[in-house]
Amino acid sequence: MQHHGPRTHSDPSVGPSANDLGCSGLSAIVAIRASPVHSFLESESSVQEPPQPAFSARIWFFSLGVLLNVLLSGALILGCTPFQDALVRRYGYSTSDATTIWGNGFQILVMGTAVTSPILDVIGPRWFAVIGLGSECAGLGLLAHAGSYPLEHGVGILSFAYGLVGLGGNMLMLASMPFCQLFRRSSTAASIMMGAYQAAGFMFMLLTLQVMDFWTFFSTYQLIAGAGLLAVFLCFPDVPYKSPEDTPRCTLPVTPCNRDACVRPEGRALQHAVAPLLLSRTWYFLLCFSLAATVAAWCAGAFYAQLKGKGQGAVDPTMRKSLIFWMPLASNSTFLFTPLIGALMDARGFCPAIILLCLASVSCVATVWLLPLTWQWLTLLTLNWLLAVTYSLQLSYITCKYAADQFGAVMSYSTIMQSVINLLGVYLLRCPPSRAAACFVPPCVFFCFLWAREERRRGGC
């Protein structure tokens, strides 16, 4: 390679050097920054990026997502005990029929979320939310006519409708998560959204009112879902936001097939979706989240079993209030804790939250095992704490650690892993729910330790 000697002032193609100006290199830089051209660029930059007001557009759009999730998220069907009680008292279904409707509907929610979540990365948040709320409107319409179905056919129809409401609401929640990317403290935003999602479980408590039959409640809710559908059609983004510098605005939608994700080669799209599975931290996250969520599910079952009592065919009347009122109140009040958990993750990384996940799993099982029946309200408190930590960590970790167009794929993986571990517990553990929940604690603690060590090694703590 030809070597050129140092440029000198005698070379006409070279301007005067810093030495020629009688300045050091640092002085030359200072002189350049003081030039009128640089001052103009600085002023242009300050004009283009003024300080954001306290209530900027991102606050309004995020608040819209929170409000829609409080009213319409998939957690609507998690407030199941008032719904089941109304089916039995008002419409003549047996307790086993009501339990079957809830169980089938929940399976539609879980399996449907696992199947549909990757579609979010392809068609974008706006169309994903529109499809979800459209499905929810259909499910609410079917539930409104519950009194007109023959009992022999009503179980199947109501199971399908109940599942549609849950699945459509879950699609709304997943489509709302891009609003969290508009904030530098994205874990706090994601945790607030998680609390809003869970708060929807309170809505079915209105069914305990004598004036609120299925037709009144679900027809009204269908109108609310229709208004929500119009809101997401106009206000949700076609593509996920990727940084706080993005500006949200109301626009008309773009056809999904015009998006880059739709025209991406099939092989490359599959490779992009599978890429998270090549990371060890992904597997630690999937295992810890799924084990903790399974502990929460089995502890809730143990709480119900203790209220029901051994050998009884129905819940004791004195305990009915605990199931109809206190259990939904406690399990859906995670919004009391989720902002604090999100703020902890933003301030200290994910290691403290992983440790909290481990401690919450142990404490929830301990209260089920050790406390007498009169003190089982503490189980509801520890269950609330476990749910808050588990699902705040799930949404925050996916939001912060993976690309915006991988959110749906990783959410699908976490849902599938949770279902697999829960089914293993159902078919392999032939013991009471409290003992079954305890069986999941040792592997949860072990993998939490490995996950925290991995995060510390990668500088995530």
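Take the working numbering: the final residue in the sequence shown is number 468, and no numbers are missing along the way. Even for Gly, the Cβ is constructed at its ideal location relative to N, Cα and C. Since the structure is predicted, the reported quantities are computational estimates derived from the model, not experimental observations.
- Taking residue 71 as reference, the option from 99, 236 and 115 with the minimal CA-CA separation is 236.
- Taking residue 234 as reference, the option from 78, 113, 150 and 376 with the minimal CA-CA separation is 78.
- Between residue 248 and residue 189, the gap from beta carbon to beta carbon is short of 8 Å.
- For residue 401, the enclosing alpha helix (DSSP H) starts and ends at 384 to 408.
- Cβ-Cβ distances below 8 Å link residue 144 to 175, 229, 232, 233 and 236 in the same chain, with the five nearest sequence neighbours on each side left out; the list follows chain order.
- Nearest to residue 105 by C-alpha distance, out of 91, 296 and 182, is 91.
- Scanning the region 223 to 298 for uninterrupted alpha helix (DSSP H) segments of 4 residues or longer gives 267 to 270 and 273 to 281, listed from N- to C-terminal end.
- Taken atom to atom, the span from the alpha-carbon of residue 261 to that of residue 241 is near 11 Å.
- If you check the CB distance, residue 300 and residue 397 come in under 8 Å.
- Each residue's CA atom was taken as its position, placing residue 193 and residue 407 some 7 Å apart.
- By the Cβ neighbour-count rule, residue 109 is buried, with 16 or more other Cβ atoms within 10 Å of its own.
- A buried status is given to residue 401, since no fewer than 16 other beta-carbon atoms sit within 10 Å of its beta-carbon.
- A distance of 8 Å or more separates the beta carbons of residue 243 and residue 125.
- Between the alpha carbons of residue 215 and residue 81 lies a distance of about 20 Å.
- Here the alpha carbons of residue 296 and residue 448 stand approximately 12 Å from one another.
- By the criterion of at least three beta-carbon pairs nearer than 8 Å, the region 285 to 296 is not in contact with the region 144 to 163.
- Residues 166, 167, 169, 170, 171, 173 and 174 of the same chain have their beta carbon placed closer than 8 Å to that of residue 115, with the five preceding and five following residues left out of the count.
- CA-to-CA, the gap between residue 202 and residue 64 works out to about 22 Å.
- Residue 347 sits away from residue 360, with the two beta carbons spaced by 8 Å or more.
- The three-state secondary structure of residue 81, taken from DSSP, is helix.
- Judged by DSSP in its simplified three-state form, residue 219 adopts coil rather than helix or strand.
- The beta carbon of residue 364 lies closer than 7 Å to those of 295, 299, 396, 397, 400 and 455 in the same chain, with the five residues before and after it left out.
- Residue environment analysis places residue 154 among the exposed positions, since fewer than 16 neighbouring C-beta atoms fall within 10 angstroms of its C-beta.
- The region 367 to 383 and the region 218 to 225 do not touch, with fewer than three beta-carbon pairs separated by less than 8 Å.
- Going by DSSP, residue 463 is part of the alpha helix (DSSP H) stretching over 448 to 464.
- A distance below 8 Å between beta-carbons, with the five flanking residues on each side excluded, links residue 150 to the following residues of its chain, in chain order: 165, 168, 169, 172, 221 and 225.
- In the structure shown, residue 414 falls within a helical segment according to DSSP collapsed to helix, strand and coil.
- Counting only the Cα atoms, residue 411 lies some 15 Å from residue 278.
- Cβ contact annotation for residue 211 (same chain, cutoff 6 Å, sequence separation greater than five): 86, 89 and 90, in chain order.
- Here the alpha carbon of residue 464 sits roughly 16 Å from the alpha carbon of residue 404.
- Here the alpha carbons of residue 112 and residue 159 stand approximately 17 Å from one another.
- When DSSP states are grouped into helix, strand and coil, residue 370 belongs to the helix group.
- For residue 179, the CB contacts under 8 Å within the same chain, skipping 5 residues up- and downstream, are 75, 76, 79, 80, 81, 136, 139, 140, 143, 235 and 239 in chain order.
- Considering only 419, 185, 276 and 362, the residue with the shortest C-alpha distance to residue 251 is 185.
- Between residue 284 and the set 413, 387, 344 and 152, the nearest pair of CA atoms involves 413.
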